[in-house]
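Student: I'd like to ask you about the structure that follows.
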Amino acid sequence: MLGPNRFAPRLCDVSLAELEAAGIRGLILDLDNTVVSWGGSEVAREHLAWVSDARDRGFRLVMLSNNFSERVMRVAEQMEIPFVASALKPLPTGFLAAVRRLGLPRRQVAVVGDQLFTDVLGAKLCGLYSILTEPLARRDHPVTGVFRFLERLMLPQRRQP
Ligand SMILES: [Mg+2]
Numbered sequence: 015m016l017g018p019n020r021f022a023p024r025l026c027d028v029s030l031a032e033l034e035a036a037g038i039r040g041l042i043l044d045l046d047n048t049v050v051s052w053g054g055s056e057v058a059r060e061h062l063a064w065v066s067d068a069r070d071r072g073f074r075l076v077m078l079s080n081n082f083s084e085r086v087m088r089v090a091e092q093m094e095i096p097f098v099a100s101a102l103k104p105l106p107t108g109f110l111a112a113v114r115r116l117g118l119p120r121r122q123v124a125v126v127g128d129q130l131f132t133d134v135l136g137a138k139l140c141g142l143y144s145i146l147t148e149p150l151a152r153r154d155h156p157v158t159g160v161f162r163f164l165e166r167l168m169l170p171q172r173r174q175p
């Protein structure tokens, strides 16, 4: 019930063709450990290429982060996409703000993120499609450690970084 619609090792491994086939037209991207390592601000070339491919295919994109700092803005700028910060995931408020930015019906929107209890749970609460990636790095916000433990209990098949 809590499981994501799909798993992908990294953001750039998410199949845009499959999402198109599933009727998805908009993407909500998590920041930390999905697009950059936790606390990082340089987006890897393969992720930038994936975003550019998505845009070429007509997908609308927005970044949704629980963080608020200059960093969120800098990363979103590198990817040339808008962002919603201080999102309080998994509460629906931030997800719904992101959906409004996309201007699409919820059934056409997918969330891509590395955390079951923020990204996937929030997506489920709002009726959005969800894709769980593996965290880019082992390093996390200290509070996230507790949730990682619970993720391992709930998703024993998931590969750890
Ligand atoms: Mg994350």
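Be aware that the sequence shown starts at 15, since it is given in our numbering, and climbs by one per residue.
Backbone N, C-alpha and C define an ideal beta-carbon position, used for all residues, glycine too.
Who does Thr48 pair with in a DSSP beta bridge?
Tutor: DSSP output for Thr48 lists no bridge partner at all.
Student: Let me have the residue list for ligand 1: C-beta closer than 6 Å to any non-hydrogen atom, ordered along the chain.
Tutor: Those residues, listed in chain order, are Asp44, Asp46, Asn47, Thr48, Gly127, Asp128, Gln129.
Student: How long is the line joining the alpha carbons of Ser79 and Glu34, rounded to whole angstroms?
Tutor: In a straight line, the C-alpha of Ser79 is about 24 Å away from that of Glu34.
Student: Mind checking which residues open and close the alpha helix (DSSP H) that includes Val123?
Tutor: Careful: Val123 lies outside any alpha helix (DSSP H), inside the beta strand (DSSP E) at 123–127.
Student: Is the beta carbon of Ala63 closer than 8 Å to that of Leu30?
Tutor: Result no, Cβ atoms of Leu30 and Ala63 do not sit closer than 8 Å.
Student: Mapping DSSP to helix, strand and coil, what is Gly141?
Tutor: Coil.
Student: Hey, quick one: how far does the alpha helix (DSSP H) through Val65 stretch, first residue to last?
Tutor: It spans 59–70 - the alpha helix (DSSP H) in which Val65 sits, taken as one unbroken run.
Student: Going by C-alpha distance, which of Val28, Ala112, Pro96 is nearest Leu142?
Tutor: Nearest C-alpha to Leu142: Ala112.
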